[in-house]
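Take any residue in the sequence shown, note its place counting from 1, add 29, and you have its number in the numbering used here.
Backbone N, C-alpha and C define an ideal beta-carbon position, used for all residues, glycine too.
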Amino acid sequence: MALRRGPGLYPFLALCVLGALYLLASRLGYLDRLQARFFPAAKEAVRLSPGDFPAGVAAPVADLASVPLRPTLIGFTARGSAAALLLATGGASTLDNPEVPAGAAQGLLKTAYAMDARAVVFATDEELRQALAVGAEHGGVDMAAISVDRLAAWLPSLRDAAPRTVMLLGRSRGQEALAAVGVPDLASLRGKRLGVYASGSSYYFALWVLSRAGLRMADVRWVDLPSTLDAGRALREGRADAVAGLWGDVELAARDRGGAVLATTADAPHLVATVLVARGDYAARYPDAVRRVIRGLLDAGASVQKDPGPGARLLGEVAPYLGDPTEAIRSAPPATLADNRAFFGLSGEAPVTYDELFQSASALYRKIRRTAAAPPAEDTRDLGALKYVSEARGP
């Protein structure tokens, strides 16, 4: 029986030829060239960044430098515990003008530890985050005083900085507050406008207040504020029924309008903890500088606790919006060495440790879809310098 040529033979042969041409063009690299020329977006783009490599790869091979030849810049937003930082550095400066004013007293870091360090004040936490992200070599800072909850929220955006927590600076024991007008208690916040700066620790405190009152996030109408310092103004102007911010700011605003403070961090004194965070490249390159900073801040903190006058004067000049600077220090005092040992689990007992606070904040921000998954808490801290200082100073 003779084979008959069907109508599909030619298309079949054409497909075979096209398949052979495709394989040949793929092997010779012609397809990649055509894709790169006519469809560049289809090719996967891999962006490399410093965060893809360990932070210490650029450190000197021989002896590590003791301290940088330039000033070490430590960023902060004003709160009571910042009094120790101001006393250690001799006062505050800004990124626009980091030089110490003529005639200003030298800080403890300069006089006792031969280290040039500047405290750089920022108006908002977001500006501080950006400065830590870029680093002092590119117009930012080497270290920053930030709350643990902020570190948990910012960690993805700070990946290239490889931030490492090196010590506890202080806890808020009433510095953050929630005040309201026409709202008698926390349960009455339901359906009200709640103003808060979402990039500040007052937002974390506001979430805790809602949980304490048994309210969901959807039970209040959120009002985004441009900064924590706008909270009192928003309450005065009637843009919000309640606000979360700094006690010295919101308490006065509520009193002016016949309102009241409904809650403060005195009710949760272990919720908002301010820590000193160093960029990974700085800590790797200048380990002795980190040790000196820790020593200087602990000495300055002890001095503030003994006599708050000098620290309060510096704090009042930098942050009049905190109200009475002595009261601001009392509501957020500098941490001691014993506080640090307990907070980081080195010795003693703490109701809430660094690891617990970081992990819970990370889980909460993932729950409310504010951030992606964060690394374990132990990957965000470097306690080598603190252990060194702790052992040198003894029990």
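Cβ atoms of Pro362 and Gly199: under 8 angstroms apart, would you say? yes
Could you spell out where the beta strand (DSSP E) holding Gly330 opens and where it closes? That residue, Gly330, is in no beta strand (DSSP E); its alpha helix (DSSP H) goes 316–335.
Can you name, in chain order, every residue of its own chain whose Cβ lies under 6 angstroms from the Cβ of Leu215, other than the five neighbours on each side? Ala242, Leu291
Terminal residues of the beta strand (DSSP E) in which Val304 lies: 302–307
Check whether the Cβ atoms of Leu24 and Ala174 sit closer than 8 angstroms, and answer yes or no. In the structure as shown, the chain starts at 30 and stops at 424, and residue 24 therefore has no counterpart that could be examined.
Coil, strand or helix - Glu356 by DSSP: helix
What residues in its chain sit with their C-beta under 8 angstroms from that of Ala235, if we drop five residues either side in the sequence? Leu207, Leu223, Val225, Ala273
What is the residue span of the beta strand (DSSP E) that Ala146 lies within? 146–150
List the endpoints of the continuous beta strand (DSSP E) containing Leu291. 289–293
Just mark Arg245 as buried or exposed, buried being the case when its beta carbon has 16 or more other beta carbons within 10 Å. exposed
Element boundaries [alpha helix (DSSP H), containing Ala341]: 338–347
Does the Cβ of Ile397 have 16 or more other Cβ atoms within 10 Å, making it buried, or fewer, making it exposed? exposed
Where does Arg422 land, buried or exposed, given buried means 16+ other C-beta within 10 angstroms? exposed
Select from Ala283, Pro380, Cys45 the residue whose C-alpha is nearest the C-alpha of Asn369. Pro380
To the nearest angstrom, how far is it from the Cα of Ala260 to the Cα of Val279? 6 angstroms
C-beta neighbour in chain D for Ala273, strict 8 angstroms: In the structure shown, chain D cannot be found, because there is only a single protein chain.
Can you find the residues in the same chain that come closer than 8 angstroms, C-beta to C-beta, to Ala162, ignoring five residues on each side of it along the sequence? Gly169, Ser186, Leu187, Asp189, Ala190
Count the other CB atoms, across all protein chains shown, that sit within 10 Å of the CB of Glu407; report buried if there are 16 or more and exposed otherwise. exposed
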